[in-house]
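First comes the structure, then the notes that go with it.
Chains as they are written, first to last, in our numbering: chain H, 2 to 465; chain V, 160 to 617.
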């Protein structure tokens with residue numbers, strides 16, 4: 002894998018509007034993290050210096066998107082922003098039908114309710130928290146069919162988002178196609194470290210599912226980033242425009258859920274897309290109950306306007322080169338300093354390998370949760386745990402699910418932070434790495450039923 | 160001098176064009192929309208009185224909030240602002256943001272409802288009823304008798320029938336999920352609920368240990384009526400009246416798209432810790448994390464500011480008096496109306512306007528189509544299209560009333576727009592004998608009024 006030269010990712014934009022950052026002292030941060038139960042989700046944004054919690058909804062919009070915001074048509078029914086967005090979704094992604102939702106999980110809720118029956122099995126390229134929760138609420142069970150390399154943080158396999166065709170075939174064999182409403186396919190795979198799927202693999206998955214008459218539902222929240230990796234790393238695609246690859250990826254699937262808060266550069270919004278008339282009809286009946294009338298789906302007209310513009314901007318080759326280039330820059334700095342991170346570097350963040358970072362802590366001491374908390378105390382940098390806390394408990398045994406990957410995600414918001422901010426982050430992680438032996442683990446003192454990572458509370462374990 | 164003219168307590172800072180089409184163009188649009196104005200494009204509409212929900216003009220202060228919105232995923236400062244404004248207004252400890260009101264309803268009624276449960280309201284609104292019934296529970300309306308009589312001039316026609324409530328609670332206590340007071344009562348004509356009625360309802364609920372939920376999406380408008388119509392309330396500030404109502408309840412749901420003066424957003428407010436925990440779990444799965452609930456930071460800013468602006472004395476005076484202005488003009492023309500005029504809309508009684516159209520041919524929908532054809536005015540039927548059901552034999556069980564709602568968006572239209580609407584009604588009255596009904600040619604399972612198709616009868 003080639004590292005792009007620094008000049009190649011210079012941002013293809015200049016800054017038009019700024020927002021102040023908050024500087025805090027170590028004492029203030031120590032107090033803030035204690036009050037937040039050592040859960041970075043529970044910190045107040047004013048206590049955070051550099052916020053790498055998520056790339057979701059945190060993008061800087063362009064001046065055109067802000068202009069779109071001003072032109073929002075807030076009519077309850079038939080807003081022109083809806084028709085414009087429908088046209089953009091159809092043209093850029095190729096799906097026939099589209100229903101806006103207030104965000105991605107609204108679309109996940111709809112598709113799970115429409116397609117999943119109790120007892121169904123949904124194979125996918127690694128779970129995602131909210132996706133799995135909706136599948137389970139609808140009575141389904143998620144089965145992981147991602148390639149083994151995805152669970153190995155040190156493997157440098159370039160397409161760790163790929164589906165293992167043998168695993169998928171075995172799941173179909175075991176349960177029968179009738180029990181599988183769809184294959185859940187994510188581009189890129191967030192929980193594996195923002196890893197892409199190759200076009201070759203996707204074509205093979207399409208061929209296999211077609212034989213059995215099984216749908217592919219595409220979690221397309223970072224499809225443009227995935228397409229960029231195909232362009233960069235997969236033989237024969239270097240000269241294809243991003244738009245073209247995105248369209249091909251979508252054409253190999255039957256429907257999609259989209260959180261537009263990632264690729265599409267907006268602060269709120271999502272949609273459900275499908276090529277099937279019957280699924281569309283059913284989902285349109287449900288959307289009025291959960292989200293809003295199907296011509297706004299719980300979104301203000303202005304946010305539909307910003308989304309239509311954001312989708313177009315996300316498919317610009319220069320934009321994407323700078324976006325992924327910035328993430329790679331941070332990753333390469335950390336690799337050069339000997340910090341254990343998930344390899345290769347993904348597209349939306351750098352994932353610290355907490356097991357290797359803190360080898361003295363067993364998984365029961367929540368090493369990734371502890372590392373995220375200590376990184377905040379060290380430098381005011383907010384990251385997110387993606388390990389045993391996020392994985393939740395096994396519904397049958399009640400025990401913790403123990404994922405092979407115990408990660409801390411440093412997620413890079415789009416167009417928000419500069420190279421100097423990335424340097425500060427890298428230095429902070431290096432400082433913490435030097436002091437790693439002083440980090441004690443955590444004890445969980447409050448655990449919610451669903452998606453516990455959002456609200457769980459912890460205390461520090463006493464030092465040795 | 161004391162002026163009779165009520166002027167807007169603001170001037171216009173930003174405008175949006177509206178399109179003026181011809182009657183021929185509108186006839187084509189209406190046919191393409193299957194005689195359901197919900198299916199019209201907004202650029203085919205001249206005066207959009209479809210709803211007052213999410214259609215307000217925001218203030219300069221709110222737009223500046225849009226610019227400073229903090230889009231942090233967790234712990235956003237804008238959430239901190241909205242939470243403190245809502246907590247201060249409602250007095251409830253737990254505030255959960257939602258992307259709009261129906262999400263707040265779905266979360267709390269999902270927790271309190273389910274198969275066999277019973278919900279009692281002064282009148283359930285369409286999305287509320289759908290939320291409750293899709294979970295397998297039953298929704299029962301018990302407005303006072305005057306609330307069902309379009310001509311009654313009772314000052315608080317939104318009140319709940321307390322005797323009927325007592326009877327239901329005595330007989331069905333175990334089944335009751337919650338008692339819901341919608342203030343003002345939208346379906347019943349935007350009619351207010353008195354503080355005295357809330358007090359009595361609250362006492363009955365507490366006696367039987369049943370939670371009282373206030374649907375507060377128009378509580379500021381309700382407060383105007385309480386202050387001006389209820390004995391002893393004339394010196395109590397609007398905001399204080401609202402606070403007293405909240406103090407009598409156990410929870411509140413709000414669509415901030417009405418009295419929040421926002422284009423998007425809502426919240427659920429709760430007193431009970433355990434219920435709040437359960438609701439937060441559902442919130443995270445279906446809406447978003449607890450500090451944004453599916454809203455952008457900027458929209459939370461706009462709501463925080465809007466909830467403060469809406470209780471301004473001069474704003475409420477303008478708001479209620481300008482709605483009454485349209486009502487009075489139509490009343491003078493002899494248009495049969497829901498009396499007295501409510502807070503956010505004028506409700507025309509289509510059954511009396513078009514006595515020749517039987518209920519199963521939807522007189523309300525006929526008027527909705529006529530207003531669009533004549534003048535590009537978009538309104539909404541609140542009658543048997545919205546609330547009708549079918550019996551076992553497939554015959555229509557009609558709604559109690561056949562109304563057409565002319566909802567006035569907040570701070571959007573001027574007096575001349577309203578004069579244009581009134582003038583259109585002169586024509587409607589002149590041609591009332593020619594009106595024909597419609598039949599439904601296609602309808603979805605839930606909330607059929609949003610997307611049903613119609614064709615004219617005969």
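All C-beta atoms, glycine included, are put in the ideal place defined by N, C-alpha and C.
Between the alpha carbons of residue 458 of chain V and residue 83 of chain H lies a distance of about 19 Å.
Under the three-state reduction of DSSP, residue 507 of chain V is assigned to strand. The three-state secondary structure of residue 154 of chain H, taken from DSSP, is coil. Contact of residue 46 of chain H with chain V by beta-carbon distance below 8 Å involves 229, 231, 233, 234, 235, 236. Taking the Cβ atoms as the reference, residue 211 of chain V lies roughly 4 Å from residue 566 of chain V, within the contact range of under 8 Å. Contact between residue 328 of chain H and residue 351 of chain H holds, since their C-beta atoms are separated by about 7 Å, short of 8 Å.
For residue 413 of chain V, the nearest beta carbon of chain H is not closer than 8 Å to its own beta carbon.
Listed by position along chain H, the residues whose Cβ is nearer than 8 Å to that of residue 209 of chain V are 76, 77, 78.
Contact annotation for residue 168 of chain V against chain H: no contact, minimum CB-CB distance about 22 Å [criterion: below 7 Å].
What residue 304 of chain H touches in chain V, judged by beta-carbon distance under 8 Å, is 423, 455, going in chain order. Here the alpha carbons of residue 244 of chain H and residue 93 of chain H stand approximately 7 Å from one another. Between the C-alpha atoms of residue 360 of chain V and residue 439 of chain V there is a straight-line separation of about 27 Å.
Contact of residue 176 of chain H with chain V is not assigned, every C-beta pair being separated by 8 Å or more. In the three-state DSSP reduction, residue 410 of chain H falls in the strand class (E or B).
At a cut-off of 8 Å between beta carbons, residue 290 of chain H contacts chain V. Secondary structure note for residue 350 of chain H: its beta strand (DSSP E) is the uninterrupted segment 350-354. Residue 127 of chain H sits close to residue 193 of chain H, with the two beta carbons spaced by under 8 Å. For residue 103 of chain H, at least one C-beta of chain V is nearer than 8 Å to its own C-beta. Annotation for residue 204 of chain H: 253 place their beta carbon closer than 8 Å to its own, counting only its chain and skipping 5 residues before and after. Secondary structure note for residue 250 of chain H: it is in no beta strand (DSSP E), and the uninterrupted alpha helix (DSSP H) holding it is 243-252. With a threshold of 8 Å between beta carbons, residue 299 of chain H makes contact with chain V.
For residue 101 of chain H, the enclosing beta strand (DSSP E) stretches over residues 98-102. Residue 501 of chain V and residue 377 of chain V have their alpha carbons spaced roughly 11 Å apart. Rounded to the nearest whole angstrom, the C-alpha separation of residue 419 of chain V and residue 464 of chain V is 8 Å. Boundaries of the beta strand (DSSP E) harbouring residue 446 of chain H: 443-447, taken from the DSSP string. Chain V has no Cβ within less than 8 Å of the Cβ of residue 438 of chain H. CA-to-CA, the gap between residue 425 of chain V and residue 169 of chain V works out to about 25 Å.
For the segment 46-66 of chain H, residues whose beta-carbon sits nearer than 7 Å to a beta-carbon of chain V comprise 46, 47, 52, 54, 55, 57, 58, 59. Secondary-structure assignment with DSSP links residue 256 of chain H through a beta bridge to H:218, H:275. Taking the Cβ atoms as the reference, residue 315 of chain H lies roughly 5 Å from residue 264 of chain H, within the contact range of under 8 Å.
Taken through DSSP and simplified to helix, strand or coil, residue 196 of chain V comes out as helix.
Taking CB atoms only, residue 258 of chain V has a neighbour in chain H less than 8 Å away. Remark: three or more beta-carbon pairs, one from each stretch, lie closer than 8 Å, so the segment 576-589 of chain V and the segment 526-536 of chain V are flagged as touching. Residue 573 of chain V counts as exposed, since fewer than 16 other beta carbons sit within 10 angstroms of its beta carbon. Any Cβ of chain H closer than 8 Å to the Cβ of residue 458 of chain V would place that residue at the interface, and such an atom is present. Between residue 384 of chain H and residue 409 of chain H the beta-carbon gap is near 5 Å, inside 8 Å, which marks them as a contact.
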